[in-house]
Amino acid sequence: MKAGENPFGDLLQDYIVESLPLAEQVGDAFVELERRWRAGDPGDQVLASVTGSLHTIKGNSAMMGLTPMRDVAHALEDLCGYLARAGASRGDEAAALLVTGGGLLVDLIGSASADTEPGAADQFMARVLGFLGVAPEASAAGPDRRQAERRTQPRAGDTEAASVVRVDFRRLDAMLEVLGEGIIQHSALAELYRRLLRRVGACEELGELDQTVLSLQKTLSRLESTLMETRLLPVSTVFGRFPRMVRDVAHAEGKRVRLEVTGGDTSLDKAVLDRLGEPLLHLLSNAVAHGLELPGDRVRAGKPAEGLLRLQAAAVSGRVAIRVSDDGRGLDQTAIRAKAEALGVDTRAADTAQLHQLVFVAGLSTADRVTTLAGRGMGLDVAANVIHALGGTIEVESRPGQGSAFTLSLPVTLAIVRSLIVEVDRERYAVPLSHVAETVRAEPETIRQINNQGVTQWRGDLIHVADAGAVLGTGKPCEAPRPFYVVMTAGARRRGLLVDRLIGHQDIVVKGLDPALGRPAVVSGTTILGDGRVACILDVVRILEGAAHGN
Amino acid sequence: MAIDGRAAVEPLLGFVDALPAAAAGASGPAPTLHLLTFALDREEFGIPITQVREVIRVNGITRVPQVPAHVRGVTNLRGRILAVVELRTRLGLVEGPVTAASRIVVVELRGRTLGLLVDRVSQVTKVPVDSVAPPPEEVVTAETDFLTGVARWDSRLIMLLDLDKVLLLNA
Amino acid sequence: MSESFLVIDDSKLLHQMYRLIFSQGDLAGSTIHYATNGREGYGLLAAHPDLTLVFLDLNMPEMNGLEVLARARAERLHSHVPIVLVTTESSEDDEARGLAVGAWDYLRKPFQPADIQRLVRRARELRRGRGAA
Ligand SMILES: [Mg+2]
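Chains as they are written, first to last, in the numbering used here: chain A, 1 to 551; chain B, 552 to 722; chain C, 723 to 855.
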């Protein structure tokens with residue numbers, strides 16, 4: 001893209017003339033600072049002298065749409081602000097970072113163009129992030145993220161910095177898993193209490209046990225909500241990457257777009273956020289590429305030449321609503337109808353809302369025209385699947401000539417279970433990984449039949465191996481032997497389950513069972529897989545219990 | 552549920568009440584029922600369109616182990632898990648294959664949303680109320696229990712389903 | 723009589739940008755006064771009681787935007803002239819402070835020509851409202 005696309009693109013030379021000397025001053029000041037720190041001088045005045053220049057560079061670069069320069073200036077500003085307060089952090093490491101950043105800023109501005117490769121700027125920001133104490137995995141998550149996370153990172157004062165600990169997110173996941181075990185054990189305890197009560201009748205000790213079990217439940221749910229809060233991050237961590245992306249798509253499409261973002265401080269579980277980026281990216285590019293008209297067309301239609309693209313987030317009754325809306329031409333109902341008819345869908349009776357819903361149908365998604373945008377080929381149907389897999393919903397409204405709005409409703413936190421996905425008789429099932437000890441290739445000669453039950457040697461013990469088709473009631477007898485078994489464990493119980501295919505590990509979002517399904521003993525819930533299909537989650541504890549009772 | 556005359560008539564009245572035009576039009580033409588009609592095997596059934604939320608194409612139904620026989624499975628309805636009832640087996644017919652013409656009729660009943668798997672959906676049909684007769688008593692099949700009446704109209708025979716009874720799922 | 727505006731900003735680049743914006747559409751032909759620091763800006767504000775709108779940069783040497791604003795409001799200097807505080811990202815606290823000491827609105831960099839046009843439109847409405855009253 002050319003800087004000329006920016007309304008002030010013609011002023012690029014003026015930008016360099018003004019900003020380069022400022023950047024050079026800043027760079028020189030950092031070199032001076034390094035010298036002073038080595039000499040034991042805190043160099044407070046030198047540090048203070050750069051803030052105005054950095055702020056001006058940041059503002060100028062932002063006005064010119066020169067994102068890498070703006071980001072580096074911003075990162076340096078944050079770093080200087082932090083060092084001004086945290087005297088103890090001044091030293092060789094900080095100085096090296098400042099000098100590198102100053103040099104980078106000079107280089108970037110000296111060769112200023114909007115085409116500047118953001119790689120070096122992103123790398124630098126990652127280093128600043130690392131220095132300021134942001135979780136290291138954030139820097140592995142990709143440049144856009146880093147940039148976004150920096151923005152939301154509070155400029156840590158000394159006291160804040162002291163009370164903030166870096167935690168690898170995987171540890172939070174592990175904690176959630178342990179909590180899940182605790183919740184299961186609590187329900188086992190409660191059940192034991194009920195059985196004891198039936199056997200020996202009410203007594204003082206049992207009353208106390210009841211109280212203890214009850215308070216354990218309260219403790220666990222407090223732990224759960226604390227843990228869930230720890231996992232929350234503001235949506236701005238994802239939104240931060242969008243302005244630049246929207247600008248790029250707009251340039252590529254010859255559109256003029258103003259992106260208005262609100263509600264960036266709305267919080268969502270990190271696991272939801274991590275998977276939200278792609279679908280939102282798709283909705284935004286789609287809005288720019290297909291929703292908004294070319295400037296000339298807009299003016300002819302009596303609209304401002306610049307299209308308005310809104311990205312709004314808000315907490316709404318326990319969920320988070322995210323809305324992507326544009327003031328463009330709206331969905332093309334005739335095209336949708338024609339495409340649907342071509343695919344054999346009868347749309348004669350469909351009302352407007354039903355027609356709009358068709359954009360989420362595979363093959364009908366208008367997104368196949370977004371092929372010019374490399375890497376953004378995700379269809380609306382795929383975007384919808386991702387949202388569904390997160391336990392969310394997506395709705396569309398549209399008015400011809402006035403624009404379209406996609407509204408996502410997402411759960412704030414998720415009941416996420418890392419699971420092994422297996423296939424049995426062409427259906428997929430999720431087995432929570434906390435109950436999977438191992439997956440084994442089933443060699444027929446290693447499984448013997450004893451009392452009509454398969455038995456095999458596993459880690460020095462004999463364990464039963466059951467056919468999943470028989471356990472789940474899906475198989476017809478005498479089919480080809482299944483090639484794998486999953487060793488499932490619950491407490492001291494173990495059992496192999498023969499399956500057709502091992503699909504892989506996946507974080508799944510647990511959804512309940514409709515009351516219409518009754519209470520199947522082998523299934524604890526359902527989930528939506530990445531391809532939009534529903535899979536049942538196996539209730540390993542009850543499957544193993546049932547097997548024990550059946551023996 | 553006892554099958555007395557009143558119970559058989561009440562849902563029928565419900566059909567009519569659901570239509571403001573028909574209810575108000577005492578001086579106009581005879582009141583009509585707006586039905587969504589669909590096919591199962593070679594028979595045509597109808598339910599009041601007021602109970603229908605939408606009709607969707609079948610896009611994968613996942614079987615759920617150990618569920619009642621008339622539950623075909625679950626499907627993804629825009630992120631919600633929708634239980635799909637095998638209407639054929641519920642009405643005593645044999646389970647049929649899912650074809651390109653198959654549809655899921657999403658109904659809303661007493662605050663619950665369920666899907667009904669049907670072979671084929673026809674257009675919305677308007678049927679004059681006076682074309683509806685009680686279910687023929689001489690035909691005693693499993694399905695007569697689920698009917699509120701039979702409409703003979705335009706050389707068609709449309710059996711009116713009592714969804715309340717059809718979907719009394721755990722009975 | 724043509725409208726007049728005051729731009730107080732230490733960046734020459736920003737002056738150029740305002741010049742560009744004020745050369746387009748119905749803004750063309752209006753008079754713009756430029757100041758490159760707060761002190762100078764304050765002087766120009768005092769000398770022109772009939773400004774339609776003032777754009778006041780927050781971050782400036784000598785006297786920053788907040789200081790100019792606070793002093794102008796404290797001295798009741800042309801309190802009918804709306805002043806827009808121009809800020810940059812991560813100046814949220816200063817925006818709130820600006821509104822508290824009497825900024826009419828704030829405008830965050832990067833802004834677009836349309837943002838300026840909108841503000842001018844609103845300022846004209848304000849003026850008309852006052853004139854009628
Ligand atoms: Mg400035």
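Yeah, the Cβ is synthetic: ideal placement off N, Cα and C, and Gly gets one too.
May I have the straight-line CA-CA distance separating residue i from residue j, to the nearest angstrom?
i: E66/A; j: A314/A; result: The sequence given here has Leu at residue 66/A, not Glu. About 30 Å.
i: C536/A; j: G662/B; result: 24 Å
i: P154/A; j: A818/C; result: Low confidence applies here, because P154/A scores a pLDDT of 39, under 50, leaving its location unreliable; read the following figure in that light. Roughly 18 Å between the two C-alpha positions.
i: M69/A; j: A48/A; result: 20 Å
i: V658/B; j: L665/B; result: 6 Å
i: D327/A; j: A757/C; result: 38 Å
i: D78/A; j: G130/A; result: 13 Å
i: S215/A; j: A430/A; result: 32 Å
i: S139/A; j: L176/A; result: Model confidence at S139/A stands at a pLDDT of 34, short of 50, so the residue's coordinates are unreliable and nothing is read from them.
i: G391/A; j: K511/A; result: 7 Å
i: T474/A; j: I336/A; result: 39 Å
i: T809/C; j: D827/C; result: 11 Å
i: L829/C; j: D815/C; result: 14 Å
i: P515/A; j: E423/A; result: 25 Å
i: A521/A; j: D713/B; result: 30 Å
i: L309/A; j: L821/C; result: 27 Å
i: V603/B; j: L586/B; result: 9 Å
i: L497/A; j: R533/A; result: 22 Å
i: G110/A; j: A23/A; result: 9 Å
i: L718/B; j: Q834/C; result: 59 Å
i: G291/A; j: T393/A; result: 21 Å
Can a CB atom of chain A be found closer than 8 Å to the CB of residue i?
i: A836/C; result: yes
i: R629/B; result: yes
i: P501/B; result: In the structure as shown, chain B starts at 552 and stops at 722, and residue 501/B therefore has no counterpart that could be examined.
i: N781/C; result: yes
i: T758/C; result: no
i: A634/B; result: yes
i: D827/C; result: no
i: T583/B; result: no
Relative to ligand 1, is the shortest distance from any of its heavy atoms to the C-beta of residue i smaller than 7 Å?
i: N781/C; result: yes
i: D14/A; result: no
i: T56/A; result: yes
i: G820/C; result: no
i: S285/A; result: no
i: S733/C; result: yes
i: D59/A; result: Here residue 59/A is Gly; the residue named in the question, Asp, does not match the sequence. For ligand 1, at least one heavy atom lies less than 7 Å from the Cβ of G59/A.
When burial is assigned at 16 or more other CB atoms within 10 Å of the CB, is residue i buried or exposed?
i: I743/C; result: buried
i: G201/A; result: exposed
i: D772/C; result: exposed
i: C203/A; result: exposed
i: L104/A; result: buried
i: N786/C; result: buried
i: V645/B; result: exposed
i: H435/A; result: buried
i: N451/A; result: exposed
Would you verify that the beta carbon of residue i is, or is not, closer than 8 Å to some beta carbon of chain C?
i: A148/A; result: In this prediction, A148/A scores a pLDDT of 38, lower than 50, which makes its location untrustworthy; no coordinate-derived value is stated.
i: R300/A; result: no
i: M63/A; result: yes
i: K2/A; result: Per-residue confidence for K2/A stands at a pLDDT of 44, beneath the threshold of 50, marking its modelled position as unreliable; no derived number is given.
Taking CB distances under 8 Å as the criterion, tell me whether residue i reaches chain B.
i: D514/A; result: yes
i: T212/A; result: no
i: P520/A; result: yes
Take every Cβ of the segment 602-621 of chain B, pair it with every Cβ of the segment 676-688 of chain B, and state whether three or more of those distances are shorter than 8 Å. No: the two stretches stay apart, fewer than three of their Cβ pairs being nearer than 8 Å.
Would the segment 55-65 of chain A count as touching the segment 724-737 of chain C if we require 3 or more Cβ pairs under 8 Å? yes
Touch test, the segment 442-456 of chain A against the segment 464-473 of chain A, Cβ-Cβ under 8 Å, three pairs minimum: yes
Taking 8 Å as the threshold, find out whether the segment 341-356 of chain A comes into contact with the segment 428-447 of chain A through three or more Cβ pairs. A contact is defined here as three or more CB-CB pairs under 8 Å, and the segment 341-356 of chain A fails this definition with respect to the segment 428-447 of chain A.
Indicate whether the contact test is met: 3 or more Cβ pairs, each with one atom in the segment 261-268 of chain A and one in the segment 221-238 of chain A, closer than 8 Å. The count of Cβ pairs closer than 8 Å, one atom from the segment 261-268 of chain A and one from the segment 221-238 of chain A, reaches three, so the stretches are in contact.
Does the count of Cβ pairs from the segment 752-766 of chain C and the segment 39-54 of chain A closer than 8 Å reach three? no
Are at least three pairs of beta-carbons, each pair with one atom in the segment 766-781 of chain C and one in the segment 798-806 of chain C, less than 8 Å apart? yes
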